[in-house]
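Visitor: Got a structure for you, questions after.
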Amino acid sequence: MAEPIQTPDGKISDEDLIEKFQRGDLYAYELIVKRYKDQLLNFVYRFLNNQEEAEDVVQETFLRVYRNRHAYQRVAKFSTWIYTIAGNLARTELRRRHRRRFFSLSSLGVEDKEYEISDEMLNPEQHTNTVLSEEIIQREINKLSAKFREVIILRDIQELSYEEISKIIRVPIGTVKSRVNRARLRLQGRLKHLLDKNK
Amino acid sequence: MKNCERFTDLLSDYAENGLASAEKRELDVHLQQCSECRSAADGVVNLRYSLRQMPALKTSPDFETILRTRIKMERRAHAAPIWNFRHLAPRRVATLSAAVVAIVCLIYLWPSFFGPTFQPASPTIAVSQMQAAPNGVLLSVSPAKILYTLDQVTPQLWPNFGTARQSTGRAASTPTDSLRTDLPPRPATTPVAHQPITF
């Protein structure tokens, strides 16, 4: 059997951990959970903008890893595999949420729809502290379509390489680069006032 | 304007220092001349910085406890039925299914591939061909040349078989009797009732 590969910081690699887990080592699974739970939560939270739902999705991701551990093959990076699972579940949750919203809105009368708060009511100039800036950025991220949102989170918040993103969302690298560029241009256009102030 | 469109496509690579030197020089010249593109380029750089500064979330303290409980419940639920294949990898399930199908096909198609390997189900009777000399002496008996199923052995085929054993006379009741020219023509016999053959 090959010696476990260690990462530069002396840790055993993800791929070795999942192989150990495939052989029945539950401690290896626990290590995987510890290593990825916060990373995945950040990814899914930025995608869904709801911590409770994001935690549910991350729980479900780890359950799927547990259930389908034998489906993983070493040809792919483990991080790519687990991000793909989490991304698919997050997208499913988003679709479910849209359906719920569609049905709840369609059941309301015209006058009831006034409860929707317009984004224009929030004047970004009034908010200067970091927490509010983060909220505004998050809000603008959520206004992007899912395909733009996913790539900008993976690239600029999770700091994954274009190659990894390409494998996770299964589109060519050129398409990923183009989507990231368009997402950044849209986002910077909407957040211009805030970004200029933070300069 | 046409140039601006071309250069905005390069802004992400520019912000990530991913442009070739010739392209970068070209873009720098354009940015000095075009305030709109310069503002967009600054915006993208600032956006990347702001996104990286977004605070990282942490999972709730009971995240792992909940996950462990869910896994325990799942293991209990999956432990019972032997026909539950969900714990197997899809490839293993596919291999098992293919093997079962192949075995069933092999059993079903066995006779057509290899021909009948065992005797037909209906009982048969081996009738020896007897060679007789003109004087009536039996010269040879070649065994089992003709196979008749019992259904085919009719009184017409072998009319005196049943009576031959009972009579004390010569055995003149074989199918080759017709070859013997020294015998007087056989009187017309009345059909003998089909009797059970005993050996």
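Chains A and B, in that order, give the protein sequences. Here the working numbering is used: the first residue of the first sequence is 1038, the next is one more, and so on. Here the working numbering is used: the first residue of the second sequence is 100, the next is one more, and so on. Glycine residues also receive a C-beta, built at the ideal position from the N, C-alpha and C atoms.
#1: Candidates A:L1077, A:L1078, A:D1053: which alpha carbon is nearest A:Y1066's?
#2: If you measure beta-carbon to beta-carbon, which residues of the region 136–162 of chain B are closer than 7 angstroms to chain A?
#3: Could you tell me whether any Cβ in chain A is nearer than 8 angstroms to the Cβ of B:S196?
#4: Quick check on this structure: which residue in A:Y1199, A:I1206, A:R1216 has the alpha carbon closest to the alpha carbon of B:G117?
#5: Flag B:E125 as yes if its beta-carbon sits less than 8 angstroms from any beta-carbon of chain A, otherwise no.
#6: Buried or exposed, going by whether 16 or more other CB atoms sit within 10 Å of the CB of B:A208?
#7: Inspect the CB distances between the region 1077–1085 of chain A and the region 154–164 of chain B and report whether three or more fall short of 8 angstroms.
#8: Alpha carbon to alpha carbon, what distance is there between A:T1129 and A:R1216?
#9: State the start and end residues of the unbroken alpha helix (DSSP H) segment that holds B:M172.
#10: Counting only C-beta atoms, is A:F1084 closer than 8 angstroms to chain B at any point?
#11: Sort B:F162, B:V143, B:T194 by Cα distance to A:E1089 and report the nearest one.
#12: Flag A:N1125 as yes if its beta-carbon sits less than 8 angstroms from any beta-carbon of chain B, otherwise no.
#13: If you drop the 5 nearest sequence neighbours on each side, which residues of the same chain put their C-beta closer than 7 angstroms to that of A:I998?
#14: Suppose contacts are defined by Cβ-Cβ distances below 8 angstroms. Is A:I1049 in contact with A:T1117 by that definition?
#15: Can you confirm whether B:E122, when its beta carbon is compared against all beta carbons of chain A, has any partner nearer than 8 angstroms?
#16: Closer than 8 angstroms, Cβ to Cβ, to anything on chain B: give me those residues from the region 1218–1230 of chain A, in chain order.
#17: Quick check: what's the CA-CA separation for B:V144 versus A:K1074?
#18: Name the chain A residues whose beta carbon is nearer than 9 angstroms to that of B:E173?
#19: Give a yes or no on whether the minimum CB-CB distance between A:V1208 and chain B is below 8 angstroms.
#20: State yes or no: is the C-beta of A:L1131 within less than 8 angstroms of the C-beta of A:T1098?
#21: Kindly indicate the opening and closing residues of the alpha helix (DSSP H) around A:R1216.
#22: Three-state secondary structure (DSSP) at B:A155?
#23: State the Cα-Cα distance for the pair B:A178 and A:Y1082, rounded to the nearest angstrom.
#24: Applying a beta-carbon distance threshold of less than 7 angstroms, which residues of chain B neighbour A:L1078?
#25: Report all residues from its chain with a CB closer than 7 angstroms to the CB of B:K171; omit the five preceding and five following residues, and keep chain order.
#26: In three-state terms, what does DSSP make of B:S120?
#27: Strictly under 8 angstroms for the Cβ-Cβ distance: is A:A1065 near chain B by that measure?
#28: I'd like to know whether the C-beta atoms of B:S149 and A:I1174 end up nearer to each other than 8 angstroms.
#29: My understanding is that A:L1063 touches B:L146, with C-beta atoms under 8 angstroms, so please give their C-beta distance in whole angstroms.
#30: Could you tell me which chain B residues have their CB closer than 8 angstroms to the CB of A:I1174, listed as they occur along the chain?
#31: Should A:E1092 go down as buried or exposed, given a rule of 16 or more other Cβ atoms within 10 Å for buried?
#32: Using alpha carbons as the reference points, say which of A:R1060, A:R1227, A:R1133, A:K1071 lies closest to A:H1107.
#33: My output table needs one value for B:L109: the three-state DSSP class, helix, strand or coil.
#34: On the three-state DSSP scale, how would you describe A:A1113?
Guide: With the structure as the only source:
#1: Walking along the first sequence from the start, residue 1066 of chain A turns up at place 29. Closest by alpha carbon: A:D1053.
#2: Within the region 136–162 of chain B, the residues whose Cβ lies closer than 7 angstroms to some Cβ of chain A are A139, G142, V143, N145, L146, R147, S149, L150, R151, M153, P154, A155, L156, K157, T158, S159, F162, listed in chain order.
#3: Locating residue 196 of chain B in the second sequence gives position 97, where the first residue counts as 1. No, no contact with chain A.
#4: Start at 1 with the first residue of the second sequence, and residue 117 of chain B comes out as number 18. Closest by C-alpha distance to B:G117, out of A:Y1199, A:I1206, A:R1216, is A:Y1199.
#5: Translated into positions along the second sequence, residue 125 of chain B becomes position 26. Between B:E125 and chain A, the shortest Cβ-Cβ separation is not below 8 angstroms.
#6: Against the second sequence, residue 208 of chain B aligns to sequence position 109. According to the sequence as given, residue 208 of chain B is Leu; it is not Ala. So B:L208 counts as exposed.
#7: They touch, by the three-pair rule.
#8: Residue 1216 of chain A sits at position 179 when you count from the first residue of the first sequence. Residue 1129 of chain A sits at position 92 when you count from the first residue of the first sequence. Computed Cα separation, rounded: 21 angstroms.
#9: Taking the first residue of the second sequence as position 1, residue 172 of chain B is located at position 73. Per DSSP, the continuous alpha helix (DSSP H) segment holding B:M172 begins and ends at 162–178.
#10: As a first step, residue 1084 of chain A must be located in the first sequence, where it is residue number 47. For A:F1084, the answer is no, since every Cβ of chain B falls outside 8 angstroms of its Cβ.
#11: For the purposes of this step, residue 1089 of chain A is taken as residue 52 along the first sequence, with counting starting at 1. When only C-alpha atoms are compared, the closest one is B:F162.
#12: For this step, residue 1125 of chain A is matched to residue 88 along the first sequence. No, its Cβ sits nowhere closer than 8 angstroms to a Cβ of chain B.
#13: No answer is possible for residue 998 of chain A: it lies beyond the span of chain A, which begins at 1038 and ends at 1236.
#14: Reading the first sequence from its first residue, position 12 is the one you call residue 1049 of chain A. Reading the first sequence from its first residue, position 80 is the one you call residue 1117 of chain A. Their beta carbons are not under 8 angstroms apart, which means A:I1049 does not touch A:T1117 by this criterion.
#15: Counting from 1 along the second sequence, the entry for residue 122 of chain B is found at position 23. No, its Cβ sits nowhere closer than 8 angstroms to a Cβ of chain A.
#16: So the close ones are N1218, R1221, L1222, L1224, Q1225, G1226, L1228, K1229.
#17: Position 45 of the second sequence holds residue 144 of chain B. Position 37 of the first sequence holds residue 1074 of chain A. The alpha-carbon atoms of B:V144 and A:K1074 are separated by roughly 29 angstroms.
#18: Counted from its first residue, the second sequence places residue 173 of chain B at position 74. Simply L1100, Y1103, R1104.
#19: Within the first sequence, the letter at position 171 stands for residue 1208 of chain A. For A:V1208, the closest Cβ of chain B is not nearer than 8 angstroms.
#20: Reading the first sequence from its first residue, position 94 is the one you call residue 1131 of chain A. Reading the first sequence from its first residue, position 61 is the one you call residue 1098 of chain A. The answer is no: Cβ separation not under 8 angstroms.
#21: Position 179 of the first sequence, counted from the start, is the residue given in the question as residue 1216 of chain A. Going by DSSP, A:R1216 is part of the alpha helix (DSSP H) stretching over 1210–1227.
#22: Working through the second sequence from its first residue, we reach residue 155 of chain B at position 56. Judged by DSSP in its simplified three-state form, B:A155 adopts coil rather than helix or strand.
#23: Here residue 178 of chain B refers to the residue found at position 79 of the second sequence. Here residue 1082 of chain A refers to the residue found at position 45 of the first sequence. Put simply, the backbone Cα of B:A178 is about 34 angstroms away from that of A:Y1082.
#24: On the first sequence, position 41 is the one that residue 1078 of chain A refers to. What A:L1078 touches in chain B: L156, T158.
#25: Start at 1 with the first residue of the second sequence, and residue 171 of chain B comes out as number 72. Taken in chain order, the list of residues that qualify is empty.
#26: Locating residue 120 of chain B in the second sequence gives position 21, where the first residue counts as 1. Shown here, B:S120 sits in a helix according to DSSP, grouped into three states.
#27: On the first sequence, residue 1065 of chain A is found 28 positions in, with the first residue counted as 1. With 8 angstroms as the cut-off, A:A1065 does not count as an interface residue toward chain B.
#28: One-based indexing of the second sequence puts residue 149 of chain B at position 50. One-based indexing of the first sequence puts residue 1174 of chain A at position 137. Yes. Within cutoff.
#29: Counted from its first residue, the first sequence places residue 1063 of chain A at position 26. Counted from its first residue, the second sequence places residue 146 of chain B at position 47. Between B:L146 and A:L1063 the Cβ distance is about 42 angstroms, and since that is not below 8 angstroms, they are no contact.
#30: Numbered from its first residue, the first sequence carries residue 1174 of chain A at position 137. Result: S149, L150, M153.
#31: Along the first sequence, read from residue 1 onward, the residue named residue 1092 of chain A stands at position 55. That one is buried.
#32: In the first sequence, the residue the question calls residue 1107 of chain A occupies position 70. When each option's Cα is compared against that of A:H1107, the closest is A:R1060.
#33: Position 10 of the second sequence holds residue 109 of chain B. Of the three classes helix, strand and coil, the one that applies to B:L109 here is coil, per DSSP.
#34: By one-based count along the first sequence, residue 1113 of chain A stands at place 76. Taken through DSSP and simplified to helix, strand or coil, A:A1113 comes out as coil.
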